[in-house]
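Step one of this worksheet: look at the structure below.
There are 2 protein chains.
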Amino acid sequence: MKKWMVFAAALLFAPLLQAQGGDPEAGKGKATMCVSCHGQDGISTAPIYPNLAGQKEQYLVSSLQAYKNGQREGGQSALMYPMVSGLSEQDILDLAAYYASMPPGGAE
Amino acid sequence: MKKWMVFAAALLFAPLLQAQGGDPEAGKGKATMCVSCHGQDGISTAPIYPNLAGQKEQYLVSSLQAYKNGQREGGQSALMYPMVSGLSEQDILDLAAYYASMPPGGAE
Chain A
1 MKKWMVFAAA LLFAPLLQAQ GGDPEAGKGK ATMCVSCHGQ DGISTAPIYP
51 NLAGQKEQYL VSSLQAYKNG QREGGQSALM YPMVSGLSEQ DILDLAAYYA
101 SMPPGGAE
Chain B
1 MKKWMVFAAA LLFAPLLQAQ GGDPEAGKGK ATMCVSCHGQ DGISTAPIYP
51 NLAGQKEQYL VSSLQAYKNG QREGGQSALM YPMVSGLSEQ DILDLAAYYA
101 SMPPGGAE
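Protein sequence lines correspond, in order, to chains A and B.
1 is the number of the first residue of the first sequence in our numbering; add one for each residue after it.
1 is the number of the first residue of the second sequence in our numbering; add one for each residue after it.
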């Protein structure tokens, strides 16, 4: 993919990246399938998975969108595809709000 | 890209993902270009950038490798390409060790 295409895509999706409005409580209820890898308190259960606790909400939104759009490869990214394929835009916002609201070091 | 290709690539690069041996002190010296976005203490300076403080070392290695291999698109990933293009494998290990060693909530 050429660089100008990457930048054009970034511009195109910029409005989506601004989207907010997630509900942490709703996100908690939707996070049941995330827990086995990313931990009950957002601290991942294996070194190859990222911690999510206290991560920036907007970054989490854009990451989930990127996985859903098949824009992430490498690492364990393939494991995320089936996880995100059924997520709505609201699900993504809620999950991001939930993980962003957690204390960054894990459960207190 | 077909799913079997994703899995084949994951298998192919699995040994790389096991690589460790980063030096946090060396990583600190190499992180000068990371600071403007990811913060002096690994807490990002804008909501669209991820916090890196206390992130899992092995995940950081695989993420940097994925950026370097052009395997990440979406979000602000295009910003990372020029940052990682000159990194050696040892640079990646050192940077990952450095950010993983930071307290997850930011400077204490």
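Note that beta-carbon positions come from the ideal geometry of N, C-alpha and C, so glycine has one too.
Any beta carbon of chain A sitting closer than 8 Å to that of residue i?
i: Ala66/B; result: yes
i: Glu25/B; result: no
i: Lys56/B; result: yes
i: Ser63/B; result: yes
i: Gln71/B; result: yes
i: Gly75/B; result: yes
Could you check the C-alpha separation between residue i and residue j for me, to the nearest Å?
i: Gly105/A; j: Leu79/B; result: 27 Å
i: Glu73/B; j: Gly22/B; result: 26 Å
i: Lys30/B; j: Lys2/A; result: 28 Å
i: Gly70/B; j: Pro103/A; result: 32 Å
i: Tyr81/A; j: Glu89/B; result: 27 Å
i: Gln58/A; j: Met5/B; result: 30 Å
i: Ala8/A; j: Ser77/B; result: 13 Å
i: Glu54/B; j: Gly54/A; result: Position check: residue 54/B holds Gly in this sequence, whereas Glu was assumed. About 11 Å.
Enumerate in chain order the residues of its own chain whose CB-to-CB distance from residue i is below 7 Å, with the five nearest sequence positions on each side excluded.
i: Lys56/A; result: Ala100
i: Ile92/B; result: Val61, Leu64 and Gln65
i: Val84/A; result: Leu64, Tyr67 and Lys68
i: Pro24/A; result: Ala97, Tyr98 and Ser101
i: Ala107/A; result: Asp41
Going by beta carbon distance, what residues of the same chain come within less than 8 Å of residue i, once the five residues before and after it are set aside?
i: Thr45/B; result: Ser36, Cys37, His38 and Gly39
i: Gly75/A; result: Ile48
i: Leu95/A; result: Gly22, Gly27, Lys30, Ala31, Cys34, Leu60, Leu64 and Leu87
i: Pro50/A; result: His38 and Ser44
Cutting at 6 Å between CB atoms, please list the residues of its own chain near residue i, excluding the five before and the five after it.
i: Ser52/B; result: According to the sequence as given, residue 52/B is Leu; it is not Ser. Once the five neighbours on either side are set aside, the close Cβ partners of Leu52/B are His38, Gly42 and Tyr99.
i: Lys28/A; result: Tyr98
Consider the Cβ of residue i: report whether some Cβ of chain B lies at a distance smaller than 8 Å.
i: Gly39/A; result: no
i: Ser36/A; result: no
| Mind listing which residues of the region 82-95 of chain B have their C-beta closer than 8 Å to chain A's C-betas, in chain order? | none
| Residues within the region 95-106 of chain B neighbouring chain A, beta-carbon criterion of under 7 Å | Of all residues in the region 95-106 of chain B, Pro104 and Gly105 have a Cβ within less than 7 Å of some Cβ in chain A.
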